[in-house]
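Quick note on the numbering used here: the sequence shown kicks off at 546 and runs consecutively. For each residue, glycine too, the CB sits at the ideal point set by N, CA and C. Written out below as structure tokens is the structure these notes cover.
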Amino acid sequence: MPGLAAVIGPAFSPDRIEAMIRSMFHEPFYTAHRFADSRLSVGAARVGPPVPSPDPQPAWSEDRTLLGMMEGEIFNGESIRRTRASSGRAPAGGSDLDLLLRLFEEKGEAFLDGVRGRFVLFFYDARAGRAWIATDRLGFAPLFYAEVAGSILVASEVKALLATRSIERTLDETSLREFFRLQTVTGDRTLFRKIRRIPPASLWSFEKGCLTQKRYADPRRLLDLPELEEEEYGLRAEESLRRAVGEACADGRAGLSLTGGWDTRTLVALLPPGRRVPCFTLTGPGRTCADARLAKRVAAASGQEHHVVRIPGDFLRRFPEHAERTVLLSDGMAGIERAHEILLNARAREFCAARIAGTHASQIVRGSSLLRNRLPDRRFFHADFRAFLDDTPEEGAGAFLAGVREGRIGNREILLFLLNEELRQGAIAGNHALELSQIWIRTPYTDEEFVETMFRAPGCPQGARIGERLLHRSTGDRVRHRLRGLFGKEPSLALQQRILDRNAPRLLRIPVNLGEEPLARSGPGGALWRIYAGGLGLADTFHASFEYPGRAAALDRWIRSSHIERLFLGFHSYVHYRTWLMRELGGYVREILLDSKTLGRGCFDRDFLERAVLDHASGRRCHSSALAFFLTFELWNRLFAD
């Protein structure tokens, strides 16, 4: 993904900066901005797609003593400029970075008070020989660091730090255990012992070999916000989301990634009056999914143009290339089952320079969670590696989830955990890395004021729902939950339904994906639609699911042999990795997982892994979740650890 890189201190050399740039230069349309001064032993670079504020970097203060480099965006920049102008202060330059430099000159280390955005910053005072590193308030723009020989190295990608060849590639054992249990790494650790992630709301300084770590805001303050009454909560949530949507499309360069669901149609309803943005829906290489057909109706009812963006037809033929690229771009935090994201986001650039997405509404608004706290089938692992995974008691995220099961963790603590661990460390570090490698992403549901309002919800119901979902250990739990959402009212949709009712009631008359019942549709017709569309959606969801009980294998083989899948394939899910790993990609699975290099690492039980690969290919068992994770882990080893 795009980002910053810097070396400060005796370890600086122009060659190290260039090596970091090369490791982050993933696309031919990227640009690289450099600063290097051997006399001062400091260098920095910004690498990635052209920035929304296209002024060259670094930017300098008027007296040429303070320089800055930046990756990301300031969402409320225009508001800050208007406030400055009304108070008679000197105008700032046109870019976000120029504005922040001016604020730093005026306020010192308090310059980020009131600043909202997704960013990482590097400032350097040439007179004092002091450098500052800053991350945004929620930590959604990643930044990693390592200390080497009295110097500090920072980068937005782990691979950029490794490219300097000055950091040992020793694995962090705690992180490795957690990675196998959760498929992510929590806290501020990475998979490498010497590399750590800089926390949210950090403002670190480095001077004369001394690193000072400060926070300009405490994320735990969200736990102490006063609860709102229901009506005030709804109004504040609506207004903060409306402002976030307006800021996301203010520069006229953004398009909306529109689905048929509640999340993005709510964003459409909150677009500024008269504002036209290109809308597009992602779909697979086969039939146009129901999501795209419904999104087209939503766009038409809102007076917006609509496009369908397809996965290219040669995707599966070139999958090994795409899988390796997925692991590389995300530092291993996105699984190979996200490989299509790179291609779809690359094609979205045909319509816009920035993509507005409803990403993470399901977690922040409705309390969904994809996080699990369980290992794959233990029979996959060699006895020694199994003992390694079991060597320590639950800690970090594992201890937290144990507290949820025992009822010791409150709703707000659960929501804060999800924000910090699943979103920031998992989804943001993984999926967003793939998206941002191709196009700017703007996510109104992660706006700071909107997130704060969710913590002030009466009873913080998101945390309660997250807690419930975190306890779903089996496929049966998840199926039962899906059925409840399909055939009953889902109370967690109340906020978005209220926003639609107040701003665009016509959108309530358009069905949503999976056949959920729209509020304005009742009676026999609505029930029949729900049963028909919901049945097809569930069938396709089952067919595309990564996991299902072993007893369902016979049913799945019968569906495939009778070709009934043609009726529903692609109706809801536009990717089908389980069946792809079984059929089109079966040879690739065998080539990687049964390779002597993979089996020689001492992680897997050779006999059981071979049997599982063959059973999955024949349809006798479903092991797609484990096989996809093992493929990701092996590719990560080859790209990062070997």
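As a quick exercise: from His1121, Gly548, Thr991 and Gly955, pick the residue whose alpha carbon is nearest that of Leu768. Considering only alpha carbons, the answer is Gly955.
Determine the burial state of Glu702: buried for a count of at least 16 other Cβ atoms within 10 Å of its Cβ, exposed for fewer. Result: buried.
Indicate the three-state DSSP secondary structure (helix, strand or coil) for Val699 in the structure shown. Val699: strand per DSSP, three-state reduction.
Could you work out which residue in Trp1181, Arg832, Trp807 and Ala1009 is closest to Ile1044 when comparing CA atoms only? For Ile1044, the nearest C-alpha among the options comes from Trp807.
Leaving out five residues before and five after Met878 in sequence, what residues of the same chain have Cβ atoms less than 6 Å from its Cβ? Once the five neighbours on either side are set aside, the close Cβ partners of Met878 are Ala974 and Gly975.
Could you say if the stretch 606-619 and the stretch 642-657 meet the contact criterion of at least three C-beta pairs nearer than 8 Å? Taking 8 Å as the limit for Cβ pairs, the verdict is that the stretch 642-657 does touch the stretch 606-619.
Beta-carbon proximity list for Pro595, same chain, < 7 Å, skipping 5 on both sides: The beta carbon of Pro595 sits closer than 7 Å to the beta carbons of Thr576 from its chain, once the five residues preceding and following it are set aside; these are given in chain order.
Just reading off the beta strand (DSSP E) that His852 is part of, what are its end residues? His851 to Arg855 is the span of the beta strand (DSSP E), which, as asked, contains His852.
What distance in whole Å lies between the Cβ atoms of Pro823 and Gly791, which are believed to be in contact at a cut-off of 8 Å? So it is not a contact: roughly 17 Å between Cβ atoms.
In angstroms with no decimal places, state the Cα-to-Cα distance between Thr628 and Gly622. The C-alpha of Gly622 is placed about 10 Å away from the C-alpha of Thr628.
Consult DSSP for Glu1062 and reduce its assignment to one of helix, strand or coil. Low per-residue confidence applies at Glu1062: pLDDT is 43, beneath 50, and the placement is therefore not dependable, though the value from the model is reported in the following sentence. Glu1062 carries a coil assignment under DSSP once its states are collapsed to helix, strand and coil.
Name the residue from Tyr1122, Arg626, Glu775 and Ile986 whose alpha carbon lies nearest to the alpha carbon of Ser1169. Of the candidates Tyr1122, Arg626, Glu775 and Ile986, Tyr1122 places its Cα closest to the Cα of Ser1169.
Keeping to the same chain, check which residues put their C-beta closer than 7 Å to that of Phe664; ignore five residues upstream and five downstream. If we look at Phe664 and ignore the five residues flanking it on each side, its Cβ neighbours are Met615, Glu616, Gly617, Glu618, Ile619, Asp681 and Ala686.
Taking Met878 as part of the beta strand (DSSP E), name the residues at either end of that continuous run. Segment: none, Met878 is in no beta strand (DSSP E) and carries neither H nor E.
With 16 other CB atoms within 10 Å as the buried threshold, where does Pro1036 fall? Residue confidence is low: Pro1036 scores 49 on pLDDT, short of 50, so the model does not pin down where it sits. No coordinate-derived value is stated.
Glu980 classed as buried or exposed, judged by whether at least 16 other C-beta atoms fall within 10 angstroms: With 16 or more other CB atoms across the displayed protein chains lying within 10 angstroms of its CB, Glu980 is buried.
One question on the structure: do Leu827 and Phe667 come within less than 7 Å of each other, judged by their Cβ atoms? No, they are not a contact pair.
So, is the C-beta of Met546 closer than 7 Å to a C-beta in chain D? Included in the structure is just one protein chain, with no chain D present.
Just mark Arg1018 as buried or exposed, buried being the case when its beta carbon has 16 or more other beta carbons within 10 Å. For Arg1018, the pLDDT reaches just 49, beneath the cut-off of 50, and the residue's location in the model is therefore unreliable, although a value from the coordinates is still provided. Here Arg1018 is exposed, its C-beta having fewer than 16 other C-beta atoms within 10 Å.
CA-to-CA distance, Ser720 to Phe580, given in whole angstroms: Taking the straight line from one Cα to the other gives about 34 Å.
Nearest CA to the CA of Arg766: which residue from Leu780, Ala746, Ala708 and Lys704? That would be Ala746, whose Cα lies nearest to the Cα of Arg766.
Which residues DSSP lists as bridging Cys755, in chain order: According to DSSP, Cys755 bridges with Glu752.
Exposed or buried, Asp641, counting other C-beta atoms within 10 Å across all chains shown (16 or more means buried)? Classification of Asp641: buried, given that the 10 Å Cβ count is 16 or more.
Residue ranges of each alpha helix (DSSP H) run of no fewer than 4 residues wholly in the stretch 928-985, ordered along the chain? Every alpha helix (DSSP H) of 4 residues or more that sits fully in the stretch 928-985 is shown, in chain order, as 928-934, 942-950, 956-962 and 978-981.
Does DSSP put Leu611 in a helix, in a strand, or in coil? In this structure, Leu611 counts as strand in the three-state DSSP scheme.
Per DSSP, Val592 forms a beta bridge with which residues? Val592 is bridged to Gly548 and Ala577.
Take Gly1012 and list the residues in its own chain whose beta-carbon comes closer than 6 Å to its own, dropping the five residues that flank it on each side. Cβ within range, chain order: Val949 and Ile959.
Drop a sphere of 10 angstroms on the beta-carbon of Pro603, count the other beta-carbons inside from all chains shown, and report buried for 16 or more, exposed for fewer. Buried: at least 16 other Cβ atoms inside 10 Å.
Residue burial classification, Pro1050 (beta-carbon count within 10 angstroms, cutoff 16): Answer is exposed; the Cβ neighbour count stays below 16.
Relative to the C-alpha of Glu654, which candidate in Thr904, Trp677, Arg726 and Val854 has its C-alpha closest? The shortest Cα separation from Glu654 among Thr904, Trp677, Arg726 and Val854 belongs to Trp677.
Can the beta-carbon of Arg821 be found less than 7 Å from the beta-carbon of Ala898? In this structure, Ala898 does not lie closer than 7 Å to Arg821 by Cβ.
Check the C-beta distance from Phe689 over to Ile743 and give it rounded, since I have them as a contact under 8 Å. 7 Å between Cβ atoms; contact.
Could you say if the stretch 1137-1149 and the stretch 1170-1182 meet the contact criterion of at least three C-beta pairs nearer than 8 Å? Contact between the stretch 1137-1149 and the stretch 1170-1182 is present, with at least three C-beta pairs closer than 8 Å.
Could you check what DSSP says for Ile553 in three-state terms: helix, strand or coil? In this structure, Ile553 counts as strand in the three-state DSSP scheme.
Within its chain, find whatever has a CB closer than 8 Å to the CB of Gly515; leave out the 5 residues flanking it on each side and keep chain order. Limits of the chain in this structure are 546 at one end and 1187 at the other, which puts residue 515 out of reach.
Quick one: using the 10 Å Cβ neighbour count with 16 as the cut-off for buried, is Lys753 buried or exposed? Under a 10 Å Cβ-count criterion, Lys753 is classified as exposed, with fewer than 16 other Cβ atoms of the shown protein chains found around its own Cβ.
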